[in-house]
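S.K.: Pasting in a structure now, in structure tokens, and then I'll have a few things to ask.
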Amino acid sequence: MKPPPFDYVAAATVDEALEALADTSVETRPLAGGQSLVPMLNFRLAVPERLVDLNGIDELSRIEETEDGGLRLGAMVRHRQLEHDPFIARRMPLLSEATPFIAHPQIRSRGTVGGSVAHADPAAELPAVLLTLGARVRIARRSLGGEPGSRVERTVGLGEFFLGPFFSALEPDELLTAIEMPPSAPGEGTAFDEVARRRGDYALAGVAARVRLNSGGVCDEAAISLVNGGATPCLMREAARTLVGQEPTPEVIEATAAACAATSEPAADMHASEAYRRHLIQVLTRRVVSRAADRVLT
Amino acid sequence: MATAEKYVGGGVPRKEDPKLLTGQGQFLEGLTLPGMLHAALVRSPHGSARINSVDVSAAAAAEGVVAALSGADLADEWAAGLPMAWPVTDDIRIPDHWPVAQDVVRYVGDAVAVVVATSRNAALDAAELVEVDYEVLEAVVDVEAALADGAPRVHESFDDNKSYTWALTNGDVDAAFAKADVVVAERYTQPRLIPNAMEPRAVVAQSVPSTGDFTVWSTTQIPHVAKVLFALTLGIPEGQIRVIAPPDVGGGFGSKLNVYAEEALCIALARRLGKPVKWVAGRSEGYLATIHGRDQVQEIEIAATSDGKILGYRVHILAAMGAYLQLVAPGVPLLGAFLYCGCYGGEAYHFECTGVFTNTTPTDAYRGAGRPEATYAIERVIDALAREVGVDAAEIRRRNFLPAGDMVQSPGGLAFDSADYEPALDRALELLDYDGFRSDQAERRAGGGRRQTGVGFSSYVEICGLAPSQVLASLKYGAGGWDAATVRMLPTGKAEVVTGSSPHGQGHVTSWSQIAADALGIPYEDVTVLHGDTHVAPHGMNTYGSRSLAVAGVAVHNACGRVVDKARGLAAHLLEVAPEDLEYEAGTFSVKGVPDRTKSMPELAFAAWTAHSLPEDSEPGLEASCVYDPPNFTFPFGTHVAVVEVDTETGAVDLVRYIAVDDCGPVINPVIVDGQVHGGVAQGIAAALYEEATYAEDGTLETASMVNYLVPSAAEFPSFETDRTVTPSTSNPMGVKGIGEAGTIGSAPAVINAIVDALSHLGVTDVPMPASPERVWRAIRAAQGGEE
Numbered sequence: 005m006k007p008p009p010f011d012y013v014a015a016a017t018v019d020e021a022l023e024a025l026a027d028t029s030v031e032t033r034p035l036a037g038g039q040s041l042v043p044m045l046n047f048r049l050a051v052p053e054r055l056v057d058l059n060g061i062d063e064l065s066r067i068e069e070t071e072d073g074g075l076r077l078g079a080m081v082r083h084r085q086l087e088h089d090p091f092i093a094r095r096m097p098l099l100s101e102a103t104p105f106i107a108h109p110q111i112r113s114r115g116t117v118g119g120s121v122a123h124a125d126p127a128a129e130l131p132a133v134l135l136t137l138g139a140r141v142r143i144a145r146r147s148l149g150g151e152p153g154s155r156v157e158r159t160v161g162l163g164e165f166f167l168g169p170f171f172s173a174l175e176p177d178e179l180l181t182a183i184e185m186p187p188s189a190p191g192e193g194t195a196f197d198e199v200a201r202r203r204g205d206y207a208l209a210g211v212a213a214r215v216r217l218n219s220g221g222v223c224d225e226a227a228i229s230l231v232n233g234g235a236t237p238c239l240m241r242e243a244a245r246t247l248v249g250q251e252p253t254p255e256v257i258e259a260t261a262a263a264c265a266a267t268s269e270p271a272a273d274m275h276a277s278e279a280y281r282r283h284l285i286q287v288l289t290r291r292v293v294s295r296a297a298d299r300v301l302t
Numbered sequence: 067m068a069t070a071e072k073y074v075g076g077g078v079p080r081k082e083d084p085k086l087l088t089g090q091g092q093f094l095e096g097l098t099l100p101g102m103l104h105a106a107l108v109r110s111p112h113g114s115a116r117i118n119s120v121d122v123s124a125a126a127a128a129e130g131v132v133a134a135l136s137g138a139d140l141a142d143e144w145a146a147g148l149p150m151a152w153p154v155t156d157d158i159r160i161p162d163h164w165p166v167a168q169d170v171v172r173y174v175g176d177a178v179a180v181v182v183a184t185s186r187n188a189a190l191d192a193a194e195l196v197e198v199d200y201e202v203l204e205a206v207v208d209v210e211a212a213l214a215d216g217a218p219r220v221h222e223s224f225d226d227n228k229s230y231t232w233a234l235t236n237g238d239v240d241a242a243f244a245k246a247d248v249v250v251a252e253r254y255t256q257p258r259l260i261p262n263a264m265e266p267r268a269v270v271a272q273s274v275p276s277t278g279d280f281t282v283w284s285t286t287q288i289p290h291v292a293k294v295l296f297a298l299t300l301g302i303p304e305g306q307i308r309v310i311a312p313p314d315v316g317g318g319f320g321s322k323l324n325v326y327a328e329e330a331l332c333i334a335l336a337r338r339l340g341k342p343v344k345w346v347a348g349r350s351e352g353y354l355a356t357i358h359g360r361d362q363v364q365e366i367e368i369a370a371t372s373d374g375k376i377l378g379y380r381v382h383i384l385a386a387m388g389a390y391l392q393l394v395a396p397g398v399p400l401l402g403a404f405l406y407c408g409c410y411g412g413e414a415y416h417f418e419c420t421g422v423f424t425n426t427t428p429t430d431a432y433r434g435a436g437r438p439e440a441t442y443a444i445e446r447v448i449d450a451l452a453r454e455v456g457v458d459a460a461e462i463r464r465r466n467f468l469p470a471g472d473m474v475q476s477p478g479g480l481a482f483d484s485a486d487y488e489p490a491l492d493r494a495l496e497l498l499d500y501d502g503f504r505s506d507q508a509e510r511r512a513g514g515g516r517r518q519t520g521v522g523f524s525s526y527v528e529i530c531g532l533a534p535s536q537v538l539a540s541l542k543y544g545a546g547g548w549d550a551a552t553v554r555m556l557p558t559g560k561a562e563v564v565t566g567s568s569p570h571g572q573g574h575v576t577s578w579s580q581i582a583a584d585a586l587g588i589p590y591e592d593v594t595v596l597h598g599d600t601h602v603a604p605h606g607m608n609t610y611g612s613r614s615l616a617v618a619g620v621a622v623h624n625a626c627g628r629v630v631d632k633a634r635g636l637a638a639h640l641l642e643v644a645p646e647d648l649e650y651e652a653g654t655f656s657v658k659g660v661p662d663r664t665k666s667m668p669e670l671a672f673a674a675w676t677a678h679s680l681p682e683d684s685e686p687g688l689e690a691s692c693v694y695d696p697p698n699f700t701f702p703f704g705t706h707v708a709v710v711e712v713d714t715e716t717g718a719v720d721l722v723r724y725i726a727v728d729d730c731g732p733v734i735n736p737v738i739v740d741g742q743v744h745g746g747v748a749q750g751i752a753a754a755l756y757e758e759a760t761y762a763e764d765g766t767l768e769t770a771s772m773v774n775y776l777v778p779s780a781a782e783f784p785s786f787e788t789d790r791t792v793t794p795s796t797s798n799p800m801g802v803k804g805i806g807e808a809g810t811i812g813s814a815p816a817v818i819n820a821i822v823d824a825l826s827h828l829g830v831t832d833v834p835m836p837a838s839p840e841r842v843w844r845a846i847r848a849a850q851g852g853e854e
């Protein structure tokens with residue numbers, strides 16, 4: 005198929021994009037990498053009246069260090085940048101590890117961090133990985149009644165951002181401008197794994213884990229999140245708590261994996277049943293938590 | 067004819083590749099004619115429904131729209147319904163099949179209306195404005211459910227959903243089973259597959275109203291066959307239709323071996339509107355409206371002695387036809403009917419097949435057509451027999467192989483042209499390092515790790531070179547099995563080969579050039595191959611079923627021989643000697659004993675063209691034709707081996723090695739043969755591990771796009787290891803057999819056998835195709851006594 009007709013605005017700056025989004029009388033969607041939106045247009049599952057193309061906005065493509073030593077990814081940073089940037093590999097190895105699982109190289113060359121998060125797909129890798137890293141979302145809109153170019157900005161923790169399948173806290177007149185992550189602490193290890201039918205497919209299930217061990221080998225902090233483990237990209241807080249205060253022995257990790265599977269809410273579809281997905285979540289949680297802990301210890 | 071083989075057997079670069087690799091391929095979507103209109107179809111969203119009304123008024127009024135027509139509006143266009151050419155039994159039920167449905171739709175995708183507009187986009191937009199009022203009826207999508215009492219009927223005019231039952235018996239089957247020590251009975255399902263040619267289907271039809279002539283460009287494998295059938299379907303005199311398969315057709319795999327609604331429709335619209343009409347399928351549209359393959363339920367029983375010698379076979383299959391009978395659909399199971407005994411012996415054989423209507427896209431021939439299904443069943447059940455009698459999987463094959471020789475009688479009733487099965491198995495085992503593999507496997511099992519390994523074999527034999535026309539007659543096939551070639555020397559010493567085959571990726575231009583260049587003693591570059599246009603090549607039976615080399619290629623070879631014979635007469639005349647005093651080698655005739663008195667083929671071509679001095683009774687020109695009707699099928703064979711690693715926790719399967727040892731007789735071009743094996747193996751592995759078209763109960767195709775229909779990419783495959791044995795066929799003078807489908811036929815059972823082998827220590831004996839991680843996990847759980 006082909007998209008239904010729509011108007012097109014090529015924004016050169018964030019303010020131009022916000023200006024277009026501010027007119028909510030026209031149903032407007034930002035166009036980032038287009039790797040989800042364009043197929044949805046072609047299948048006529050999305051029928052916006054206007055697209056605001058963000059691809060010409062240079063300021064959204066930056067990878068920067070934040071004031072607290074964390075990391076800021078502009079909304080238009082491509083998956084391919086995450087995959088190959090040595091700075092990312094050093095500072096946030098989980099991003100480098102997980103990004104190759106996202107679709108195919110062609111898609112990663114176009115697909116963006118902000119587009120993936122804003123799309124709020126529970127089957128996408130990046131939202132789960134960013135949840136594990138404690139990320140927050142920077143959001144802007146043109147201030148109501150303000151001068152053209154005046155912005156209102158807010159920051160939302162990623163844990164509060166995802167509200168349902170393909171449904172986030174983003175309002176129609178808002179633009180996701182950046183993702184920020186706190187710096188990783190000493191003693192942290194991370195890991196990601198998934199099972200997919202084919203290389204590059206949406207995962208049947210995937211798990212991202214981050215653990216922080218103290219000098220005594222005891223877990224001080226843990227975060228686990230699931231790909232395709234529920235209606236939204238989800239942080240498994242209860243399961244993660246079973247690790248805290250414990251040494252990550254096989255028995256402890258098995259209990260965590262079991263808790264993760266038990267509290268997950270995977271859906272059935274034509275590629276996997278709920279029961280099988282739950283089983284995969286348990287197996288993969290066991291594997292990634294072990295690997296994350298091993299990475300601290302070795 | 068002495069032939070110096072300078073090109074045949076060598077890996078000359080494919081003539082087709084430079085233009086394909088540099089984006090200069092001439093595909094049909096690139097064809098634009100002045101005044102051309104574009105058609106878009108409105109298709110049924112229901113598996114079964116009565117059409118109460120079709121309102122095209124809003125579509126007709128839309129911008130750019132020239133016509134919007136329902137099935138009823140078009141009813142007068144058809145002299146006959148869409149053709150079905152293989153009525154396998156006398157009492158087969160053949161439903162009416164109109165290009166656009168008139169009263170009832172029977173599958174999701176059945177056409178109900180067409181919109182014609184000045185651009186494709188305008189046609190697609192307007193098609194959404196057609197209002198169809200349906201009364202939705204209950205659908206049935208599964209072959210067994212379709213045969214159950216009280217099942218919804220796909221065709222109200224028939225009492226039930228059975229189309230036909232065809233049976234074959236050789237020998238005393240009951241006696242063979244009665245004396246058996248062991249009977250192994252298995253049941254397998256062949257998932258429905260969707261062919262994925264890289265180029266979706268397309269058609270352009272042009273009419274010349276003043277003459278009544280039509281030219282039809284179609285992405286078809288069968289331009290000549292289609293021409294006949296277009297004439298019958300549309301009531302156009304055959305001589306006024308020219309069918310052209312474009313110079314490049316991007317793959318077919320059987321999906322373009324058909325006469326489709328959209329082809330007939332574009333011709334009818336061109337006739338009605340007096341302008342060229344084009345239709346191009348979208349990928350998802352193709353998933354609904356292009357034939358599917360497989361979709362069978364198989365029950366196979368083999369009787370054997372306690373040491374694993376097979377005595378008899380009993381096979382019963384249900385084959386989904388879909389909602390209508392496409393061109394050769396009923397015959398697809400018959401192409402496998404003789405092969406459920408594989409390359410093995412035995413005393414008796416019974417096969418029975420029932421074709422079943424369901425509310426699904428019609429099925430038809432898909433790469434291998436009947437033979438992958440048969441090979442799967444026998445190659446799986448022989449492993450089951452091996453387990454039952456405690457014999458190694460390689461050894462049980464060896465014990466049952468038919469003896470080596472020519473015209474070897476198979477229990478299925480056919481005489482195999484040239485059998486020699488052990489060398490291919492031996493070579494495969496050698497490449498595998500079978501003993502080394504088994505010790506690695508034993509070590510892993512002892513270690514108890516989560517990654518276990520298994521090996522699977524598939525020793526196949528298949529049928530190509532369709533076919534002796536008289537044999538086809540006995541199977542009620544509606545056409546002959548010959549093919550044609552004309553070879554002409556041009557005045558400048560070059561050669562033109564006109565072939566009845568219709569290549570769509572196979573490399574016939576290259577292979578036919580090799581054959582002709584060697585036979586005529588001219589450079590490979592000096593041969594031009596013309597194909598795919600019924601005005602250029604008047605005779606052809608076209609390309610499917612791995613038949614082209616063994617039939618059309620042999621016709622080229624024979625026609626070249628006739629050209630050389632004619633050239634000999636001319637050379638003798640010019641050299642003033644008797645023809646038998648000439649020696650022919652590499653394109654040059656020389657007088658025996660006087661080697662400097664010669665005439666080369668280019669010299670003779672020029673002399674034949676000027677015609678200044680010809681032998682008596684000889685006509686100008688150096689040209690000959692051959693229509694070749696083979697005396698027997700060819701039966702390529704081989705052994706394939708898959709090695710897998712299975713993650714016993716997740717059920718995920720990694721294919722780590724794939725070895726294919728094939729015997730297609732003498733090879734014209736090893737690069738092309740390897741390419742065919744690679745592609746074929748990939749498609750078979752795809753069936754084993756990934757691809758499955760599924761329908762919801764209401765007839766919705768659940769796998770309606772490439773997101774859910776899992777075509778694997780190169781990332782899913784190991785580097786294939788290929789080798790060959792060479793046993794020439796006795797069915798044709800070149801000894802060639804065909805290789806287009808062997809990879810698909812051999813591979814799926816090898817992969818599944820490997821998975822079962824990897825898990826056999828856990829008690830697993832079967833994993834259904836496609837072996838998804840979940841199915842493997844469930845098989846392990848079931849074998850361990852957990853719930854399935």
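Here the protein sequences come in this chain order: A and B. For any residue, its number in the working numbering is found by taking its place in the first sequence, counting from 1, and adding 4. For any residue, its number in the working numbering is found by taking its place in the second sequence, counting from 1, and adding 66. Backbone N, C-alpha and C fix where the C-beta goes; we use that ideal spot for every residue, glycine too. This structure is a prediction, so every number in the text was calculated from the model and none was measured.
1) What residues in the stretch 187–208 of chain A bring their beta carbon closer than 8 Å to a beta carbon of chain B?
2) Going along chain B in order, which residues have a C-beta closer than 7 Å to the C-beta of S277 (chain A)?
3) Please check the pair E184 (chain A) and R76 (chain A), which I expect to be a contact at CB under 8 Å, by giving their CB distance rounded to whole angstroms.
4) In chain B, which residues lie less than 7 Å from L284 (chain A) when you measure between Cβ atoms?
5) Under 8 Å Cβ-Cβ, which residues of chain B neighbour M274 (chain A)?
6) For S284 (chain B), write down the residues that DSSP places opposite it in a beta bridge.
7) Which chain A residues sit within Cβ distance under 9 Å of S779 (chain B)?
8) Does the beta carbon of V231 (chain A) sit closer than 8 Å to a beta carbon anywhere in chain B?
9) Let me check understanding here. Comparing Cα to Cα, which of B:T420, B:L401, B:Q475 lies closest to L538 (chain B)?
10) Put V733 (chain B) into one of helix, strand or coil per three-state DSSP.
11) Examine chain A for any beta-carbon lying closer than 8 Å to the beta-carbon of W843 (chain B), and answer yes or no.
12) Determine, using beta carbons only, whether N187 (chain B) comes closer than 8 Å to chain A.
13) With a threshold of 6 Å on Cβ separation, who are the neighbours of A292 (chain B) within its own chain once the five nearest residues in sequence on each side are excluded?
14) Would you kindly work out how many angstroms separate the C-alpha atoms of L217 (chain A) and G233 (chain A), rounded to a whole number?
15) Which bits of chain B does V287 (chain A) rub up against, with CB to CB less than 8 Å?
16) To the nearest angstrom, how far is it from the Cα of G374 (chain B) to the Cα of A389 (chain B)?
17) Given V51 (chain A), which residues of its chain have a CB within under 7 Å of its CB, disregarding the five upstream and five downstream residues?
18) Please return the same chain residues whose Cβ sits closer than 7 Å to the Cβ of A68 (chain B), not counting the five positions on each side in sequence.
19) Taking Cβ to Cβ, would you say R360 (chain B) is nearer than 8 Å to E439 (chain B)?
20) Please name the residue in A:I257, A:Y206, A:G73 whose C-alpha comes closest to that of V292 (chain A).
21) Are any of the Cβ atoms in chain B nearer than 8 Å to that of A297 (chain A)?
22) Any Cβ of chain C within less than 8 Å of the Cβ of Y12 (chain A)?
23) At a Cβ threshold of 8 Å, is E782 (chain B) touching chain A?
24) Answer with buried or exposed for R634 (chain B), where buried requires no fewer than 16 other C-beta atoms within 10 angstroms of its C-beta.
M.R.: Quick look at the numbers:
1) So the list reads V199, R201, R202, R203, G204, D205, L208, given in the order they occur along the chain.
2) The count along the first sequence starts at 1 and reaches residue 277 (chain A) at position 273. Per Cβ cutoff of 7 Å: E840.
3) Along the first sequence, one-based indexing puts residue 184 (chain A) at 180. Along the first sequence, one-based indexing puts residue 76 (chain A) at 72. Right, their Cβ atoms sit about 5 Å apart.
4) Position 280 of the first sequence, counting from 1, holds the residue named residue 284 (chain A). Residues of chain B passing the Cβ test: T716.
5) Residue mapping note: residue 274 (chain A) aligns to position 270 of the first sequence, counting from 1. Correct list: T760, E768, T769, N774.
6) Taking the second sequence and counting its residues from 1, the one referred to as residue 284 (chain B) is at position 218. Answer is B:V269.
7) The residue you call residue 779 (chain B) lines up with position 713 of the second sequence. Chain A residues near S779 (chain B): H108, R202, R203, G204.
8) Taking the first sequence and counting its residues from 1, one reaches residue 231 (chain A) at position 227. Judged by the 8 Å Cβ criterion, V231 (chain A) is not in contact with chain B.
9) For this step, residue 538 (chain B) is matched to residue 472 along the second sequence. Ranking the options by Cα distance to L538 (chain B), first place goes to B:L401.
10) Against the second sequence, residue 733 (chain B) aligns to sequence position 667. Three-state DSSP puts V733 (chain B) in coil, outside helix and strand.
11) Here residue 843 (chain B) refers to the residue found at position 777 when the second sequence is read from its first residue. Interface residue, yes.
12) Position 121 of the second sequence, counted from the first residue, corresponds to residue 187 (chain B). At a cut-off of 8 Å between C-beta atoms, N187 (chain B) counts as an interface residue with respect to chain A.
13) Locating residue 292 (chain B) in the second sequence gives position 226, where the first residue counts as 1. Taken in chain order, the residues that qualify are T286, V309, V325.
14) Locating residue 217 (chain A) in the first sequence gives position 213, counting from the first residue. Locating residue 233 (chain A) in the first sequence gives position 229, counting from the first residue. Cα to Cα, L217 (chain A) sits roughly 26 Å from G233 (chain A).
15) Residue mapping note: residue 287 (chain A) aligns to position 283 of the first sequence, counting from 1. The answer, in chain order, is E715, T716.
16) Residue 374 (chain B) sits at position 308 when you count from the first residue of the second sequence. Residue 389 (chain B) sits at position 323 when you count from the first residue of the second sequence. C-alpha separation (whole angstroms): 42 Å.
17) Counting from 1 along the first sequence, the entry for residue 51 (chain A) is found at position 47. Around V51 (chain A): P8.
18) Taking the second sequence and counting its residues from 1, one reaches residue 68 (chain B) at position 2. In this prediction, A68 (chain B) scores a pLDDT of 41, lower than 50, which makes its location untrustworthy; the coordinate-derived value is nonetheless stated afterwards. Here the set comprises Y650, E651.
19) Taking the second sequence and counting its residues from 1, the one referred to as residue 360 (chain B) is at position 294. Taking the second sequence and counting its residues from 1, the one referred to as residue 439 (chain B) is at position 373. Contact flag set, yes.
20) Walking along the first sequence from the start, residue 292 (chain A) turns up at place 288. Distance from the Cα of V292 (chain A) is smallest, within the candidate group A:I257, A:Y206, A:G73, for A:I257.
21) By 1-based counting over the first sequence, the position of residue 297 (chain A) is 293. In terms of beta-carbon proximity, A297 (chain A) stays away from the interface with chain B, with every pair separated by 8 Å or more.
22) In summary, chain C is missing from the structure at hand, where the protein chains are A and B.
23) As a working mapping, residue 782 (chain B) is identified with position 716 in the second sequence. Closer than 8 Å to some Cβ of chain A, the Cβ of E782 (chain B) qualifies, so yes.
24) Taking the first residue of the second sequence as 1, we reach residue 634 (chain B) at position 568. When all chains shown are included, R634 (chain B) counts as buried.
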